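Heads up: the structure comes next, in structure tokens.
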Amino acid sequence: MQYVAVEPVVNRERAPALAQAVWDNAREDPDAVQFVRPDPDPRSWPAPPAPRGGALPVSCATFRDDVLAVARGFVAAGVEHGDRVALISRTRYEWTLVDYALWTIGAVTVPVYDTSSREQIEWILGDSEAVGCVVETGDQAATVAGLQHRLPALRTTWQIDAGDLIALAGRGRTLDEAQLDARRERVSDADLATIVYTSGTTGRPKGCTLTHHNLYCDAAGALAVLPQLLHPGASTVLFLPLAHAFARLIQVGMVQARATMVHTADIAGVQEQLDRHRPTFVLAVPRVFEKLHAQARQQAAEARRGWLFTVAERVAVRYSRALDTARGPGALLRLAHTVCDLVAYRRLRAALGGRCRTAIVGGAPLGTHLGHFFRGAGVTVLEGYGLTETSPALTVNTPAAQRIGTVGRPLPGVELRIADDGEIQARGDVVFPGYWNNPDATRATFTADGWLRTGDLGSLDRAGFLRITGRRKEVIVTAAGKNLTPAPLEEAIRTHPLVSQCVLVGDGRPYVAALVTIDPQAWTRWRSAHGRPGASLAELRHSPELRSEIQPALKQANRAVSKAEQVKTFRILPRELTEADGELTPTLKVKRNVVAERYAADIDALYGGR
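In this text, residue positions in the sequence shown follow UniProt numbering: the first is 1, and each later residue adds one.
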């Protein structure tokens with residue numbers, strides 16, 4: 001059994017509660033810029049006239065005062081220690097403000113994606129027994145109001161865009177300051193900080209309970225191995241949703257490092273924010289770099305310089321690979337690299353603001369080729385690995401220790417082992433205590449000797465770098481880092497009378513799509529009814545008439561999930577899946593790996609291939 005461990009950097013007995021860093025920063029460096037609010041709306045949270053073209057710097061002292069004001073408001077509103085409060089919003093300053101205000105008083109933040117369906121919102125608020133809910137928009141407020149009668153624990157909803165946080169802070173002004181101090185001092189690192197809901201094998205999201213200790217240790221480990229990224233003076237533009245555990249870790253790390261974070265929720269405007277704020281590093285999912293690469297190639301082609309991009313790409317990959325050899329790049333390769341930097345790579349780096357030389361990616365694999373391309377072009381993309389259940393980071397490549405194609409070595413305080421069946425198992429301070437209200441799922445996710453089963457397959461090399469080789473659990477992770485369990489959607493689509501099997505695909509791809517097979521008996525009836533009694537399925541599988549029959553099944557299934565989880569398109573296979581051909585088990589379960597290999601051309605066609 002392969003095994004690796006890294007010594008912790010945090011005292012196992014006691015760590016600070018997460019909000020303590022807010023007070024420490026305000027005391028030690030009150031004028032340091034902790035956040036930048038692009039184009040702040042004073043109706044959502046007070047904002048004086050903003051300098052620098054509409055961007056408002058928020059100092060450590062100001063952030064402490066803002067957190068204190070909202071925390072007092074929550075106490076005045078009756079939020080008790082341990083109470084759960086849901087948060088539905090895009091990435092913005094107020095998201096972080098609410099998060100730290102709740103942590104200050106020992107309450108528990110329950111993040112909800114702003115793209116979540118009504119059914120998902122109802123389940124998360126109901127299962128967590130949230131006593132309050134902070135929403136961003138009027139539509140979200142209306143959705144929660146429509147569910148109020150089915151959520152007996154829910155007492156209050158606050159709408160950010162309606163100025164409810166300002167009103168909440170006003171309500172807290174009458175609160176005795178000593179009462180707030182007592183609440184803050186009561187918070188322990190053993191207390192729950194958040195419940196993050198993630199897809200489960202049954203389709204019902206499971207609530208991962210993470211303590212202050214879990215999140216603090218994960219952030220402290222990241223700071224210890226990535227001092228070049230996370231330090232005072234460093235900056236990033238955060239555009240990933242803060243409901244995602246990966247973005248949440250960066251939020252905590254930036255506060256602990258006293259670095260500067262710019263919130264932006266407008267994906268279409270990310271390029272403008274990167275140009276405007278020129279971050280020193282970025283956090284992204286692999287899809288961002290796939291698009292950046294494709295955009296650079298397309299722009300070169302439109303300028304009739306496609307040949308130049310091809311040459312520059314080859315040089316970048318060769319140069320990066322040579323960096324991993326004992327001799328390094330030769331003189332001719334270094335010269336070619338210098339020329340390509342002048343004519344191509346600088347433009348690529350300019351797309352990230354010009355100062356960014358390092359990026360962290362997670363949520364899905366980047367791919368070895370792109371890893372070498374970007375490093376060769378002057379942007380080192382560091383891949384990491386983890387789960388929501390592990391706060392979330394377990395491993396990461398670093399500028400000082402990187403092996404492209406792996407997800408790095410364990411963070412401080414993390415132990416990893418590879419079980420006999422190849423499963424990656426983890427133990428350490430970052431591992432969660434269990435699922436909320438789900439002891440059966442908690443027992444199932446831990447081994448008898450206390451190791452977390454990740455459900456992923458991998459291997460460790462002699463230096464302790466982890467390589468992911470596959471997944472035991474049937475979870476799709478798109479290129480954007482969105483996780484979903486395919487079974488519920490597949491089941492819903494299979495209810496259509498024409499459909500016999502449905503296999504969702506999308507692992508590492510930009511969106512979710514479906515492979516559909518047609519029931520033989522239903523097919524005979526359908527082709528007769530449509531005047532094609534002698535036609536084969538292979539002949540008609542692309543016909544608009546047949547596809548229009550299947551489309552409503554996808555539309556109906558998509559209503560139960562968020563936009564990011566919806567099935568965007570589908571392809572009808574030329575025949576039924578069978579046990580005889582090795583595509584089904586004896587109990588008629590689909591062998592996904594066999595189907596993916598056998599119908600690779602059909603899957604590629606779903607994403608623009610031929």
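Just so you know, even glycine gets a beta-carbon here, dropped at the ideal spot from N, CA and C.
Quick caveat, the model's predicted, so the values are computed rather than measured.
If you check the CB distance, T445 and E383 do not come in under 9 Å. Residue pairing by DSSP places F446 opposite L452 in a beta bridge. Check the Cα spacing between L240 and each of Y216, C208, R287, A222: the tightest is with R287. Pairing I572 with N593, the inter-Cα distance amounts to about 18 Å. Put simply, the region 398 to 418 touches the region 225 to 236. At least three CB pairs are less than 8 Å apart. Taking C-beta separations shorter than 6 Å and ignoring five residues to either side along the sequence, the partners of A15 in its chain run D189, H213, Y216, following chain order. By the neighbour-count criterion, in which 16 or more other beta carbons inside 10 Å mark a residue as buried, N11 falls on the exposed side. CA-CA distance, I476 to A377, rounds to 30 Å. Inter-residue distance for E302 and T91 is about 34 Å (C-alpha atoms, whole angstroms). In the three-state reduction of the DSSP assignment, M1 falls in the coil class, being assigned neither a helical nor a strand state.
For L56, same chain residues with a beta-carbon under 6 Å away, outside a window of 5 residues either side, are R37, P40, A47, A50 in chain order. Checking the DSSP bridge columns, you'll see T398 partnered with A401.
Annotation: A21 to S116 spans about 31 Å, alpha carbon to alpha carbon. One alpha carbon belongs to R357, the other to L210, and they sit about 32 Å apart. Residue pairing of T211 in beta bridges, as defined by DSSP: L192. Taking a cut-off of 8 Å for Cβ pairs, the region 547 to 562 and the region 482 to 501 touch, as three or more such pairs fall below it. Note that the C-beta distance between V85 and T109 is below 9 Å.
If the five residues before and after A419 are omitted, its C-beta is found closer than 6 Å to the C-beta atoms of Q425, all from its own chain and listed in chain order.
Apart from the 5 residues on each side of it in sequence, L342 has no Cβ closer than 8 Å to any other Cβ in its chain. Taking a cut-off of 8 Å on C-beta distances, the region 69 to 83 touches the region 174 to 188, as three or more cross pairs fall below it. In the displayed model, H277 falls within a helix according to three-state DSSP. The residues Y197, T198, S199, G200, Y435, W436, N438, A441, in chain order, have a CB closer than 8 Å to that of K206 in the same chain once the five nearest residues on each side in sequence are set aside. Looking at the backbone, the Cα of V270 and that of G413 are separated by about 34 Å. Taking 9 Å as the cut-off, the Cβ atoms of A219 and L238 do not count as close. The shortest C-alpha to C-alpha distance from R184 to any of I468, D139, A107, S235 is the one to A107. Under the three-state reduction of DSSP output, K591 falls in the coil class, being neither helix nor strand. Note that the region 512 to 525 touches the region 494 to 501; at least 3 beta-carbon pairs, one per stretch, sit closer than 8 Å. Note: T517 is bridge-paired with Q501 in the DSSP secondary-structure output.
In this model, R417 and R453 are separated by some 10 Å (Cα to Cα).
DSSP places Y100 within a helical segment (H, G or I) once states are collapsed to three. In the DSSP secondary-structure assignment, M254 is not bridged to any residue. Short of 7 Å from the beta carbon of T104, and not among the five residues preceding or following it, lie these beta carbons of its own chain, in chain order: A19, V67, A71, R184.
By the neighbour-count criterion, in which a residue is buried when 16 or more other Cβ atoms sit within 10 angstroms of its Cβ, D31 is exposed. Between the region 154 to 167 and the region 123 to 131 there are three or more C-beta pairs closer than 8 Å, enough to call the two in contact.
Within its own chain, the residues whose Cβ lies closer than 8 Å to the Cβ of H542, once the five positions on either side in sequence are excluded, are I572, listed in chain order. For A359, there is no enclosing alpha helix (DSSP H); the residue is part of the beta strand (DSSP E) that begins and ends at 358 to 361.
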